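> This structure is in structure tokens; I'll ask about it shortly.
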Amino acid sequence: PWWQQYLRWLGQIVQGDFGESILYALPVATILGGALPNTLGLVSLALVIGIVVTVPLGILAAKYQDSWVDHGIRLVTFLALAIPGFWVGLLLLYLFGVKLQLVSVTNTKGFAAYVLPAVTLALWICGLYIRRLRNAILEVSRQPFVQGARALGLPEWMVYTRYIFPHVGLMLLPMMGVTMGAMLGGSAVIEMVFAIKGFGYMMVQGIMARDYVLMQGYIIWITMVFIVINIIIDVLSIWLNPKRRAAIKGGSYE
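According to our numbering, the sequence shown is numbered sequentially starting from 102.
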């Protein structure tokens, strides 16, 4: 009966048995377990690059609100979101691999294999977060405690590090969980362009070969990773927010 098959399948999932891939003739857990570090490495490097670029540009856009600097940065973010990722990846491969010959197009290994795809993915991160960081900084800067700190004559760097950034971080932290999940699930195009055998690459191979066992395992794995990421984000939100910490402990925060 179908219900016995379903219960047997659930029992196998709990034990970590996702079946055997039709395409690779290997356990799905082995295939995805080997692909996960590649995708996590790509996403982590892209996040680092994205943060390094986003923070100064977001501060500049907020500091020079409605100036030509602000409008220029907002135009760049619009283009970053509008241009397809695969097109950017192919352009970078052509520029740095064919024209400048700084990287190998066919035989790149190690850390060098992740640089161009991470930059491609980071471009989307920058386009997504620069505008939100700018708006969050402007919103927090209007709060009385920030205006009071500036009225006391505190240096601008201290105002940002002690008063603005902690609140901005709490505002953007929930969005980071969604972004991480979107990057893990949406990195397939980038991985295909740069031939990185990550989660997305394996998913596309499974779809093309109609490997339903591999596709099924991918969906379950990406769901579990997404849940873990969001749990971590929720814990960080509580830990970084003194009001929520006090509420959980049963006290009050003043």
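Ideal Cβ placement from N, Cα and C applies to all residues, glycine included. All figures in this text were calculated on a predicted structure; none of them were measured in a lab.
When we look at the beta-carbon of Trp225 and count the other beta-carbons within 10 Å, is it buried (16 or more) or exposed?
Buried, since its Cβ has 16 or more Cβ neighbours within 10 Å.
> Considering only the alpha carbon of each residue, which of Tyr230, Ile334, Cys227 and Leu194 lies closest to Ala213?
When only C-alpha atoms are compared, the closest one is Leu194.
> Cβ of Val189 within 7 Å of Cβ of Phe197?
For Val189 and Phe197, no; Cβs fall outside 7 Å.
> Express the C-alpha separation of Met281 and Trp110 in angstroms, rounding to a whole number.
Their backbone Cα atoms lie some 29 Å apart in a straight line.
> For the alpha helix (DSSP H) that contains Asp335, what are its first and last residues?
Taken as a continuous stretch (DSSP letters only), the alpha helix (DSSP H) holding Asp335 covers Tyr313 to Leu341.
> Quick check on this structure: which residue in Ile332, Val220, Ile132 and Arg243 has the alpha carbon closest to the alpha carbon of Leu191?
Checking every option, the nearest Cα to that of Leu191 belongs to Val220.
> Would you list the one or two residues that DSSP bridges to Glu257?
DSSP output for Glu257 lists no bridge partner at all.
> Just mark Gly307 as buried or exposed, buried being the case when its beta carbon has 16 or more other beta carbons within 10 Å.
Answer is buried; the Cβ neighbour count reaches 16.
> Measure how close the beta-carbons of Tyr302 and Ala136 come, nearest whole angstrom, since I'm counting them as under 8 Å.
So it is a contact: roughly 7 Å between Cβ atoms.
> According to DSSP, what are the bridge partners of Glu240?
Bridge partners of Glu240: none, in fact.
> Report yes or no: do three or more beta-carbon pairs, one from the stretch 334–342 and one from the stretch 138–149, lie closer than 8 Å?
With the cut-off at 8 Å, the stretch 334–342 and the stretch 138–149 do not touch.
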